[in-house]
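> UniProt numbering puts the sequence shown at residues 1 to 220.
Ideal Cβ positions, reconstructed from N, Cα and C, are used throughout, including at glycine.
Please read all numbers here as calculations on a predicted model, not as lab measurements.
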Amino acid sequence: MYEAPSWFLELWNARQTLAAGFATTLACSVLAVLGGTLLGTLGGLALTYGRWPLRLPFRLYSDLIRGTPVFVLVLACYYMAPALGLRPTPFQAGTAALLLFCGSHVAEIVRGALQAIPRGQHEAAKAIGLTFAQSLKEVLLPQALRQILPTWVNASTEIVKASTLLSVIGVAELLLSSQQVIARTFMTLQFYLFAGLLFFLINFAIERLGRYLEKRVTLP
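#1: Quick check: the Cα distance between E3 and L64, rounded to an integer number of angstroms?
#2: In chain order, what are the residue ranges of uninterrupted alpha helix (DSSP H) at least 4 long that sit wholly in the segment 45-74?
#3: Kindly indicate which three-state DSSP category S135 falls into: helix, strand or coil?
#4: According to the neighbour-count rule (16 or more other Cβ atoms, all chains shown, within 10 Å of its Cβ), is I128 buried or exposed?
#5: Closest by CA to T48, which one among V106, E10, L11, L75?
#6: Is I159 helix, strand or coil when you go by DSSP?
#7: Could you check whether L166 and C77 sit closer than 8 angstroms to each other, using their CB atoms as the reference points?
#8: Check whether the segment 46-62 and the segment 148-161 are in contact - that is, three or more C-beta pairs closer than 8 angstroms.
#9: Note down, one range per segment and in chain order, each alpha helix (DSSP H) of at least 4 residues found wholly within the segment 170-207.
#10: Which word fits M1, buried or exposed, when buried means at least 16 other C-beta atoms lie within 10 angstroms of its C-beta?
#11: With a cut-off of 8 angstroms, do at least 3 Cβ pairs link the segment 29-47 to the segment 87-104?
#12: If we cut at 8 angstroms on Cβ distances, does Q143 have a partner in chain C?
#13: What residue range does the alpha helix (DSSP H) around residue 227 cover?
#14: Using the C-alpha atoms, what's the distance from K215 back to Q16?
#15: Does the Cβ-Cβ distance between Q143 and Q121 come in under 8 angstroms?
#16: If you count every other CB in all the chains shown that lies within 10 Å of the CB of S6, and 16 or more means buried, which is it?
Here it is, written out as C-alpha cells:
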C-alpha cells in the first residue's frame with residue numbers, strides 16, 4: 001500500500017532550493033533597501049534644500065517612479081536595459097527596479113520630515129555658527145530621523161513583499177522556489193504557508209530593527 005511522504009520529508013528534500021530562494025530574496029531586499037535609502041536621502045535633501053536645477057530631476061524621478069507599478073518597473077529595467085547598451089542579469093535588473101522604487105518613497109519621507117522641522121531650528125544653527133553640513137548632521141537630521149524611521153520600516157517591508165515580482169523575469173526568489181517545489185510535490189498549502197512564514201520573519205526582523213533604532217534616537 002502506497003504511503004504518501006510527509007511534508008517534513010519533502011521540506012528536507014527541498015531545503016537547498018528553498019534556502020537558495022530565501023537567500024536571493026534576502027539579498028535583493030537588503031541591497032534595494034540600503035541603496036534606496038541612500039538614494040532617497042540624497043533625493044530628500046535635494047528636494048528640500050536644492051536649487052531648482054537640482055530639484056527638478058529628483059522631482060521628476062520621485063513622481064514618475066512612485067506613479068509606476070513595481071511590476072511594470074521590473075519589466076522595464078530588464079527589457080529596456082539593452083536599448084541603453086546594458087546587459088543586466090535578471091537579479092541585477094530586479095534589484096535595480098526595487099532600489100529605484102524604494103528610493104522614490106524614501107525621498108518623499110525625508111523631504112516631509114525635514115520640512116516638518118520648525119524654521120527656528122535652522123536659524124538657531126546659523127546663529128551659533130554652524131555650516132549647512134554641520135546643521136544637517138548635528139541639528140536637522142537627528143530630529144528628522146525620529147519621523148523618518150516608522151515610515152521607513154513600512155517602505156522596507158513593502159520592498160520585501162515586492163521582491164516576489166522578480167519571478168516574472170526569472171529570478172528564483174523565495175516564492176518562485178516554493179512554486180517549483182509545489183510543482184514537484186503538489187503540497188500547495190503547506191509550502192505556501194512555509195514561504196509566508198519566511199517572509200514574515202524577514203519583515204519582523206525589519207520591524208524590530210526599526211523599533212531598536214527608534215529607541216536609540218528618542219529623547220530621554
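Taking the coordinates as given:
#1: Counted from its first residue, the sequence shown places residue 3 at position 3. Counted from its first residue, the sequence shown places residue 64 at position 64. With a pLDDT of only 41 at E3, under the threshold of 50, the placement of this residue in the model should not be trusted, and no figure is reported.
#2: You should have 52-66.
#3: Counting from one through the sequence shown, the residue named residue 135 turns up at place 135. The answer is helix: DSSP assigns S135 an H, G or I state.
#4: Position 128 of the sequence shown, counted from the start, is the residue given in the question as residue 128. So I128 counts as exposed.
#5: Counting from one through the sequence shown, the residue named residue 48 turns up at place 48. In this structure, V106 is the residue among V106, E10, L11, L75 with its C-alpha nearest to the C-alpha of T48.
#6: The sequence position of residue 159 within the sequence shown is 159, counting from 1. Three-state DSSP puts I159 in a helix.
#7: Reading the sequence shown from its first residue, position 77 is the one you call residue 77. Reading the sequence shown from its first residue, position 166 is the one you call residue 166. In this structure, L166 does not lie closer than 8 angstroms to C77 by Cβ.
#8: No contact exists between the segment 46-62 and the segment 148-161.
#9: With a minimum length of 4 residues, the unbroken runs of alpha helix (DSSP H) contained wholly in the segment 170-207 fall at 174-185.
#10: As a working note, residue 1 is residue 1 in the sequence shown. Any reading at M1 is ruled out, since the residue's pLDDT is 38, under 50, leaving its predicted position unreliable.
#11: As far as the Cβ criterion goes, the segment 29-47 touches the segment 87-104, which means the pair count is three or higher.
#12: Here chain C cannot be found, since the structure has a single protein chain.
#13: No answer is possible for residue 227: it lies beyond the span of the chain, which begins at 1 and ends at 220.
#14: For the purposes of this step, residue 16 is identified with residue 16 of the sequence shown, where counting begins at 1. For the purposes of this step, residue 215 is identified with residue 215 of the sequence shown, where counting begins at 1. Whole-angstrom Cα-Cα distance: 37 angstroms.
#15: Start at 1 with the first residue of the sequence shown, and residue 143 comes out as number 143. Start at 1 with the first residue of the sequence shown, and residue 121 comes out as number 121. Here Q143 is near Q121, since their CB atoms are less than 8 angstroms apart.
#16: Mapped onto the sequence shown, residue 6 falls at position 6. The residue in question, S6, is exposed, as its Cβ has fewer than 16 Cβ neighbours within 10 Å.
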